Amino acid sequence: MNRAWCFSATLAMLSCWNGAGAHDTESGWTYPPACCRSDQERGDCQEIPNTSVSTGPDGFRVLLNPGDHHLVTRQHFFRIPYGDTIPSGDSHFHICLHPTEDHANCFFAPPDGF
């Protein structure tokens, strides 16, 4: 499948949801319901520190430690291909962990990277 098409489809999806079943970020934009499975207190999406994210030749590398995300109880390493990111609504990185802390369901990156 063409990555440009996937990106366009993702943007279209993000512009169509009504926010039901998802929660807002601290900066005020709403996580897509397909990414977030709960509410503000128990949601699986959260902003993560910029220091937890680095770039590699094939995508983002995310190293999460306890305290970086409220669901993380032990260290996790995720590789997120560049074409699998969703633009964040602010200048921060966000990740949704679902169905467990071992799975990165959605990863949001600032439109300009860092």
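All the letters of the sequence shown, read from the start, carry residue numbers -22 to -1, 1 to 92 under mature numbering (1 follows the signal peptide of the UniProt record, and there is no 0).
A virtual CB, placed ideally from N, CA and C, is assigned to each residue, including glycine.
Just so you know, these numbers come straight off a predicted model, no measurement behind them.
Using the Cβ count rule (16 or more neighbours within 10 Å means buried), how would you classify D90? Position 112 of the sequence shown, counted from the first residue, corresponds to residue 90. Per the 10 Å Cβ criterion, exposed.
Quick one: Cα of C14 to Cα of H47, how far? Working through the sequence shown from its first residue, we reach residue 14 at position 36. Working through the sequence shown from its first residue, we reach residue 47 at position 69. In a straight line, the C-alpha of C14 is about 14 Å away from that of H47.
Separation of D36 from P65, as counted between CA atoms: If you number the sequence shown from 1, residue 65 lands on position 87. If you number the sequence shown from 1, residue 36 lands on position 58. Roughly 17 Å separates the two Cα atoms.
Roughly how many angstroms separate the alpha carbons of residue 143 and P77, rounded to a whole number? The question about residue 143 has no answer, for the chain in this structure spans -22 to 92.
Classify T29 as helix, strand or coil using the three-state DSSP reduction. Within the sequence shown, residue 29 is the residue found at index 51, counting from 1. Of the three classes helix, strand and coil, the one that applies to T29 here is helix, per DSSP.
Can you give the beta carbon distance from residue 101 to H72, rounded, assuming they're within the 8 Å contact cut? Residue 101 lies beyond the stretch modelled for the chain, which goes from -22 to 92, so this question has no answer here.
With DSSP collapsed to three states, give me the class of G21. The count along the sequence shown starts at 1 and reaches residue 21 at position 43. Here G21 sits in coil by DSSP.
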